[in-house]
Amino acid sequence: MNLQHFKTIFSDDLKYTYPQTEIDTFFFYLIEDYLGFQRIDVIMKSDFEIPEEKQLLFNNVIQRLKNEEPIQYILGNTEFYGYPFLVNKNTLIPRPETEELVEWILSEFSDIKNLQRDEVLKPLTILEIGTGTGCIPISLKKNLSNSDVSAIDISKEALKIASENAKLNNVDVQFIEQDILKADDLNFINSSTSNINFDVIVSNPPYVRELEKIEIKNNVLENEPHLALFVDDNNPLIFYDKIADLAKKHLTENGLLFFEINQYLGKETVKMLIDKGFKNIELKKDFSGNDRMIKASYYI
Numbered sequence: 008m009n010l011q012h013f014k015t016i017f018s019d020d021l022k023y024t025y026p027q028t029e030i031d032t033f034f035f036y037l038i039e040d041y042l043g044f045q046r047i048d049v050i051m052k053s054d055f056e057i058p059e060e061k062q063l064l065f066n067n068v069i070q071r072l073k074n075e076e077p078i079q080y081i082l083g084n085t086e087f088y089g090y091p092f093l094v095n096k097n098t099l100i101p102r103p104e105t106e107e108l109v110e111w112i113l114s115e116f117s118d119i120k121n122l123q124r125d126e127v128l129k130p131l132t133i134l135e136i137g138t139g140t141g142c143i144p145i146s147l148k149k150n151l152s153n154s155d156v157s158a159i160d161i162s163k164e165a166l167k168i169a170s171e172n173a174k175l176n177n178v179d180v181q182f183i184e185q186d187i188l189k190a191d192d193l194n195f196i197n198s199s200t201s202n203i204n205f206d207v208i209v210s211n212p213p214y215v216r217e218l219e220k221i222e223i224k225n226n227v228l229e230n231e232p233h234l235a236l237f238v239d240d241n242n243p244l245i246f247y248d249k250i251a252d253l254a255k256k257h258l259t260e261n262g263l264l265f266f267e268i269n270q271y272l273g274k275e276t277v278k279m280l281i282d283k284g285f286k287n288i289e290l291k292k293d294f295s296g297n298d299r300m301i302k303a304s305y306y307i
């Protein structure tokens, strides 16, 4: 079976499950990952005969896609902010909206980012709470080399993937297993100083309410870890509330708190931060026009 023939079969087998644009995306992911081909090769190498062992592999992928398993889990990898990341069912699949959050953080420190190296500068201290694949802290570290970056997660299995991703991207990030809801402070984090304070605390915690499950696609609902997705309807800001309290204790004087948030709870999240004494609160929309990110500062 040649490449062009396989593309036709691939589309026909999946046309009742996915829109054509998504099918094409899946196909290009597969040929790049399994054959090392680019999009142009579909035209230039349309007569390429796919080896039998690859055909069996592709047939297995088709069946898994029919069962609405995410392509990222099938391949075991994805891309975030231009960097490669390993993923499995113990981690959420990184979203484009989260790339926007990373970009926002980096824009706040553009002066530092643009410096090639300045030994006089004190390293920027960054903490992410709820790291999953490690995509946020690793991407920040890649762009802010003069920084000390730490990340927390409750899942031991997620932290294994995050550590592998740090190695894959050649960065040093300290990963810590911790249930943040049970933490009274952040003094469990290893630090070269006696004060555990951060210039940036960022979190994309669980924020989807149970009542919103009806809006979630099956490929997410049936595959991605619910521990990292859902919160109780009666206390949807539980993580934001706890992290804000910790940020009050552990942000530096000019430090910033960043959240990715539930699009339906922007005003509620802002009010919570105001009530806790945070200042300069900015609510920002994502590329789809939904309330998605918050930046805030806190001065003692």
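FYI, my numbering numbers position 35 of the sequence shown as 42, with every residue one higher than the one before it.
Idealized CB from N, CA, C, for every residue including glycine.
Span separating the alpha-carbon of residue i from that of residue j
i           : j           : result
residue 303 : residue 62  : 52 Å
residue 90  : residue 23  : 32 Å
residue 220 : residue 144 : 28 Å
residue 192 : residue 98  : 25 Å
residue 64  : residue 96  : 20 Å
residue 176 : residue 258 : 27 Å
residue 67  : residue 60  : 11 Å
residue 44  : residue 38  : 5 Å
residue 47  : residue 92  : 24 Å
residue 169 : residue 297 : 28 Å
residue 301 : residue 268 : 7 Å
residue 132 : residue 152 : 11 Å
residue 40  : residue 149 : 24 Å
residue 211 : residue 137 : 7 Å
residue 283 : residue 225 : 37 Å
residue 322 : residue 50  : No statement about residue 322 is possible, as the shown extent of the chain runs from 8 to 307 and does not include it.
residue 80  : residue 213 : 20 Å
Where residue i falls, given that 16 or more other Cβ within 10 Å makes a residue buried
i           : result
residue 188 : exposed
residue 260 : exposed
residue 195 : exposed
residue 262 : buried
residue 124 : The predicted position of residue 124 is uncertain, since its pLDDT is 49 and thus under 50; a value taken from the coordinates is nonetheless stated next. By the 10 Å Cβ count, residue 124 comes out exposed.
residue 141 : buried
residue 160 : buried
residue 146 : buried
residue 83  : exposed
Assumed close pair residue i, residue j - CB separation to whole angstroms, cut-off 8 Å
i           : j           : result
residue 285 : residue 209 : Going by Cβ atoms, the distance from residue 285 to residue 209 rounds to 14 Å, so no, they are not a contact pair.
residue 52  : residue 10  : 6 Å
residue 184 : residue 163 : 6 Å
Cβ-heavy atom distance, residue i to the ligand SAM, below 7 Å
i           : result
residue 275 : For the structure depicted, the ligand SAM is absent and the ligand set is empty, with no information on it obtainable.
Chain C within 8 Å of residue i, Cβ atoms only
i          : result
residue 58 : The chain inventory of the structure shown lacks chain C, comprising one protein chain alone.
Completely contained alpha helix (DSSP H) runs for the segment 174-245, where each covers 4 or more residues: 225-228
Those runs of the alpha helix (DSSP H) which lie wholly inside the segment 112-161 and span at least 4 residues: 117-121 and 142-150
Segment contact, 8 Å Cβ cut-off, at least three pairs: the segment 238-246 with the segment 286-301: no
Three-pair Cβ contact test at 8 Å for the segment 153-160 versus the segment 169-187: yes
Complete runs of the alpha helix (DSSP H) confined to the segment 43-83 [at least 4 residues]: 48-51, 59-73 and 78-82
Any 3 or more C-beta pairs closer than 8 Å across the segment 76-90 and the segment 99-115: yes
Segment contact, 8 Å Cβ cut-off, at least three pairs: the segment 228-235 with the segment 73-82: yes
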